[in-house]
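Residue numbers (numbering that gives the first Met the number 0), protein chains in the order written: chain A, 0 to 206; chain B, 0 to 206.
For glycine and all other residues, C-beta sits at the position ideal for the given N, C-alpha and C.
The structure appears below as structure tokens.
There are 2 protein chains.
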Amino acid sequence: MSTETPTPGRPRAFDEQTVLDRAAEVFWRQGYEGASLSSLTKAMGINRPSLYAAFGSKEELFKRAFDRYHETNLANARAALEQPTAYAAIEVFLRASADNLTAGGHPAGCLSIQGGLACSPENARISEILAAGRAATEAALEERLSRAAKEGDLPDGMDSRALARFVMALSEGHAVHAAAGASREDLQASVDVAMRAVAALRPGAGG
Amino acid sequence: MSTETPTPGRPRAFDEQTVLDRAAEVFWRQGYEGASLSSLTKAMGINRPSLYAAFGSKEELFKRAFDRYHETNLANARAALEQPTAYAAIEVFLRASADNLTAGGHPAGCLSIQGGLACSPENARISEILAAGRAATEAALEERLSRAAKEGDLPDGMDSRALARFVMALSEGHAVHAAAGASREDLQASVDVAMRAVAALRPGAGG
DNA sequence: CACGTTCTGTACCGAGCGGTATAGTCGAGG
DNA sequence: CCTCGACTATACCGCTCGGTACAGAACGTG
């Protein structure tokens, strides 16, 4: 990142990253199709032509905003997975996820799901982009658990892909709950149950 | 239900339940806000004024369609829960759910989630209606598991509300996966993992 | 301080939205 | 068989949608 690009002409009155975060919040709260240009520009604090000059279209704006959101989320997930055992990695992943889903400073739940699970045919790309983001997170999980399997840190015959899918699905379900108003404690209690159950998957346990 | 209501005037050219099912499919595939009146009437095979005469508004149409969908789903869930043990009830619930989420004859996934997790403020009621539907299913689960707890069919100290939330969240996550194209086998493999883990919650096990 | 360039703000575009007025159609009762 | 009443079909309503033309404002450069 160069600190100072020599731009001719009038400089921008807004910070691109800042307005992208504001846009992400609107998409998050209202979904892609529920987020009108008016509500977006209002929340971003810029006018329509500025938005189009900077981002090109509503869809491109969404992609940019989601990319930013997703990179952060994926980094958080990878960080959570840096635990010495598969059990600990799963627990930290689920607990951090539950915290994030109900944290202040942004809407409840998860943009990857609220953004637009189902869209009209002309916006089908949006659903695909979100699905690809979720798949990337699941792939990171699987990678970690696959390593655990090689290290003997999972029971023999354990399908690490299926285990990753199980953990990811639980986290997505928590996102659905969070979007409907579930509290941090609600979700953590569900994680308690999950971990009590997942303990059976430790290599030592009689799984 | 009276079999024959003596209606004066011209009789309807469509069956109400049939067109409600068609409408549900469109909402399911495209979400409430992504489902336009044009796509709805086209799929339902009726004209706009017929739709409005019969159902009043797009929102009322959605409520009627969703009620029908939800009643069936809830009945299926209750039937699945009629198993002698909590473990079996959870397994049948999750397996039937995974089957339904990927069954032919209707869109993949679950209307309760795809219909509109996040909507624009003027359609916020839609999200609430869907959330209430999901909560009803979770309540049925909890009721069954709470009974199991009383029967000594769950480990002491097991929080049946949290367990119900855990099972429901997993099922919702499977719905998200199904909406993105996961296969029946993908979901059943996740259920395999879940059941292997949940076995630890059997009263006999050292949970 | 005039210039070229880029941004900002207003005002607007065609299209599609959810919803409806109106006229014609069809079946039942007198 | 005629009339009444609810249904169907066309054509339309005001409104908001995503997107843009254009004029003015603000910066770096000569």
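Between B:LEU129, B:ALA42, B:MET43 and B:ALA52, which lies nearest to ASN72 of chain B when the distance is taken from Cα to Cα?
Taking only the C-alpha atoms, the option nearest ASN72 of chain B is B:LEU129.
Skipping 5 residues on each side, what residues in its chain have a beta carbon closer than 6 Å to that of LEU19 of chain A?
Cβ neighbours of LEU19 of chain A beyond the five flanking positions: ARG63, ALA64 and ARG67.
Along the alpha helix (DSSP H) that carries GLN82 of chain A, what are the first and last residues, could you check?
Neither: GLN82 of chain A is in no alpha helix (DSSP H) and is coded neither H nor E.
Give me, in chain order, the residues of the same chain whose beta-carbon lies closer than 6 Å to that of LEU162 of chain B; leave out the 5 immediate sequence neighbours on both sides.
The residues are LEU144.
Would you say GLY114 of chain B and TRP27 of chain B are within 8 Å of each other, going by their C-beta atoms?
Yes, the pair counts as a contact, with Cβ atoms nearer than the cut-off.
State the DSSP-derived secondary structure class of SER145 of chain B, mapped to helix, strand or coil.
When secondary structure is reduced to three states using DSSP, SER145 of chain B falls in the helix class.
Could I get the ranges of all uninterrupted alpha helix (DSSP H) runs contained in the region 77-127 of chain A, with 4 residues as the minimum, in chain order?
Restricting attention to alpha helix (DSSP H) runs no shorter than 4 residues, the region 77-127 of chain A encloses them at 85-100 and 110-113, ordered along the chain.
Against chain A, does SER1 of chain B count as a neighbour if the rule is that its beta carbon must be under 8 Å from one of theirs?
Here SER1 of chain B scores only 40 on pLDDT, less than 50, and its place in the model should not be relied on; the value that follows carries that caveat. Chain A contact via Cβ: absent.
For ARG215 of chain A, I'd like the list of residues in its chain whose CB is within less than 6 Å of its CB, leaving aside the five on either flank, ordered along the chain.
Here chain A covers residues 0 to 206 and nothing more, so residue 215 of chain A does not appear.
State yes or no: is the beta carbon of PHE197 of chain B nearer than 8 Å to at least one beta carbon in chain A?
Contrary to the premise, residue 197 of chain B reads as Val rather than Phe in this sequence. At least one CB of chain A lies nearer than 8 Å to the CB of VAL197 of chain B.
What are the residues of the region 178-196 of chain B that lie near chain A, defined by any Cβ-Cβ distance shorter than 7 Å?
From the region 178-196 of chain B, only ALA178, ALA179, ASP185, ALA188, SER189, ASP191, VAL192, ALA193, ARG195 and ALA196 have a Cβ closer than 7 Å to chain A.
Can you tell me the Cβ-Cβ gap for ALA22 of chain A and LEU80 of chain A, rounded? I've got them flagged as a contact below 8 Å.
Rounded, the Cβ-Cβ distance is 29 Å, inconsistent with contact.
THR40 of chain B, enclosing alpha helix (DSSP H) - first and last residue:
Residues 36-43.
Quick one: grab the DSSP three-state call for THR6 of chain B.
In the structure shown, THR6 of chain B falls within a coil segment according to DSSP collapsed to helix, strand and coil.
Leaving out the 5 sequence neighbours to the left and right, which residues in its chain are closer than 6 Å to ARG11 of chain B when beta-carbon positions are compared?
For ARG11 of chain B, where only same-chain residues beyond five positions count, there are no Cβ hits under 6 Å.
Classify ALA147 of chain B: buried if its beta carbon has 16 or more other beta carbons within 10 angstroms, exposed otherwise.
It counts as buried.
Kindly give me the distance between the Cβ atoms of ALA208 of chain A and ALA76 of chain A, rounded to whole angstroms, as I take these residues to be in contact under 8 Å.
This structure leaves residue 208 of chain A out entirely; chain A is present only between 0 and 206.
Euclidean distance between Cα positions of ALA174 of chain A and SER49 of chain A:
Whole-angstrom Cα-Cα distance: 33 Å.
Cβ of SER119 of chain B less than 8 Å from any chain A Cβ?
Taking Cβ atoms only, chain A reaches closer than 8 Å to SER119 of chain B, which makes this a yes.
Does DSSP classify GLY206 of chain B as helix, strand or coil?
Because GLY206 of chain B carries a pLDDT of 44, less than 50, the predicted location of this residue cannot be relied on, and the following value inherits that uncertainty. Per DSSP, reduced to three states, the secondary structure at GLY206 of chain B is coil, with no helix or strand assignment.
Tell me whether PHE65 of chain A sits in a helix, a strand or coil according to DSSP, three-state version.
Correct three-state label for PHE65 of chain A: helix.
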